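In the numbering used here, the protein residues as written are 166 to 406. For reference, the structure discussed in these notes is given below.
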Ligand code: IPE
Ligand code: IPE
Ligand code: MG
C-alpha cells in the first residue's frame with residue numbers, strides 16, 4: 166500500500182520532543198522571581214541534552230519559546246532572550262565534544278538580530294556533527310508553520326510549477342521548518358499541564374504522549390529514563406490491528 170505520509174511505522178525511539186513547562190511555578194513555590202526558574206530551567210536543558218545523547222536518542226526537540234510567549238511581560242521576555250544569548254555563547258564546546266548538531270525552528274524574523282545571527286553561526290558550526298540533532302523551537306508556532314507552507318504551495322501553484330494533484334503529505338512536510346527531521350515518536354510535557362500549546366501539530370500525528378507532573382527545573386536524567394521505559398512498553402498500531 167502506498168504510504169500516505171512520512172510517519173516511521175515501528176516502535177523504535179529516535180525522536181523525543183519536549184514541552185519544557187513549569188519554570189515559573191517552580192520559582193513561585195520557592196518564593197523566588199520567575200527569572201530564577203528560567204535560569205534553573207536552562208541548566209536542565211543542558212543536563213537533558215547530555216543525557217539524551219548518552220542514551221542514543223538521535224533527535225531531541227525542545228520547545229523553548231512559543232510565538233504566543235511574545236505576549237508575556239517585556240521583562241520576562243527580556244530575561245528569556247538574555248538566557249538564550251548566554252546559551253548561544255557558552256555551549257559550542259560541549260556540543261562539539263558530544264557530536265551534537267543544532268538546528269532551530271521558528272519565526273526568526275521576530276527575534277533580535279544579534280540572536281538570529283548567533284543561531285545561524287551555531288547551526289553552521291555544528292552542521293557536520295552526527296551523534297544527535299538538537300532542535301530548538303524558538304519563537305515557534307505550529308499553526309504559523311503550517312500556514313507558511315500553504316502560502317508557499319499557493320505560490321508554486323499560481324506560477325504553474327505544480328498542479329493541485331501534486332500536493333501530498335510528503336510534499337507538505339517538506340515545506341515545514343522540520344523538513345529534515347523525522348516526526349517525533351514521543352512528546353513529553355512537564356509540569357502537569359495536558360495540552361499541546363501550538364507545538365508540532367502536523368508532526369505529532371502518531372506520536373505517543375507522556376505528561377509528567379515534574380516541573381521542568383526539577384526534571385532530570387532519571388525522569389527521562391523512566392519515561393523512556395514507559396514508552397518502550399507501549400504498542401504503536403498506526404491505525405492497524
Ligand atoms: C516554561 O515555563 C518556559 C517557557 C514557556 C518560556 P513557564 O514560564 O511557562 O512556567 P509556568 O508554566 O508559568 O510555571
Ligand atoms: C508552552 O508553554 C511553550 C513552551 C514551553 C515554550 P506555555 O507555558 O507557554 O503554554 P501554556 O500557556 O500553558 O499553554
Ligand atoms: Mg507554562
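Yeah, the Cβ is synthetic: ideal placement off N, Cα and C, and Gly gets one too. Since we're looking at a predicted model, the values are computed, not measured.
Environment of residue 255 [buried if 16+ CB atoms lie within 10 Å]: Here residue 255 is exposed, its C-beta having fewer than 16 other C-beta atoms within 10 Å.
Assign residue 224 to one of two classes, buried (16 or more other C-beta atoms within 10 Å of its C-beta) or exposed (fewer than that). Buried is the call here.
Taking residue 241 as part of the alpha helix (DSSP H), name the residues at either end of that continuous run. Looking at the DSSP string, the run of the alpha helix (DSSP H) that includes residue 241 is 239 to 255.
Is it buried or exposed, residue 368, if we count other Cβ atoms within 10 angstroms and call 16 or more buried? Residue 368 is buried by the Cβ-count criterion.
Beta bridge counterpart(s) of residue 266 as assigned by DSSP: For residue 266, which the question treats as bridged, DSSP gives the partners 298.
Spell out the partners DSSP gives residue 226 in its beta bridges. Its beta-bridge partners are 182 and 300.
Can we say the stretch 314 to 330 touches the stretch 280 to 299, given the rule of at least three CB pairs closer than 8 Å? Cβ pair count under 8 Å is below three, so no.
Please determine, among 216, 279 and 173, the residue with the shortest C-alpha to C-alpha distance to residue 392. Comparing Cα-Cα distances from residue 392 to each of 216, 279 and 173, the minimum goes to 216.
Taking just the CA atoms, how far does residue 325 sit from residue 349? Taking the straight line from one Cα to the other gives about 33 Å.
With a threshold of 7 Å, establish whether the CB of residue 196 neighbours any heavy atom of ligand 4. Ligand 4 is not part of this structure, which contains only ligand 1, ligand 2 and ligand 3.
Top-ranked residue by Cα proximity to residue 373, from 262, 274, 395 and 227: Relative to the Cα of residue 373, the nearest Cα in the group 262, 274, 395 and 227 belongs to 395.
If you draw a straight line from the C-alpha of residue 239 to the C-alpha of residue 222, how long is it? Within the model, the alpha-carbon separation for residue 239 versus residue 222 is close to 35 Å.
Which residues DSSP lists as bridging residue 353, in chain order: According to DSSP, residue 353 bridges with 183 and 375.
Report back the beta-carbon spacing between residue 203 and residue 245 to the nearest angstrom; my notes put them in contact at under 8 Å. Indeed, because the Cβ distance is near 6 Å, the residues count as touching under 8 Å.
Where does residue 382 land, buried or exposed, given buried means 16+ other C-beta within 10 angstroms? It counts as buried.
Could you tell me which residues DSSP pairs with residue 231 in its beta bridges? Its beta-bridge partners are 305.
So residue 352 and residue 182 are supposed to be a Cβ contact under 8 Å. How far apart are they, rounded? Your pair residue 352 and residue 182 checks out as a contact, with CB atoms roughly 5 Å apart and the cut at 8 Å.
Is it a yes or a no for the stretch 279 to 289 touching the stretch 308 to 315, going by three-plus beta-carbon pairs under 8 Å? With a cut-off of 8 Å on Cβ pairs, the stretch 279 to 289 is not in contact with the stretch 308 to 315, counting fewer than three such pairs.
My assumption, with CB atoms under 8 Å, is that residue 210 sits in contact with residue 227. Please give the rounded CB distance. Confirmed, about 6 Å.
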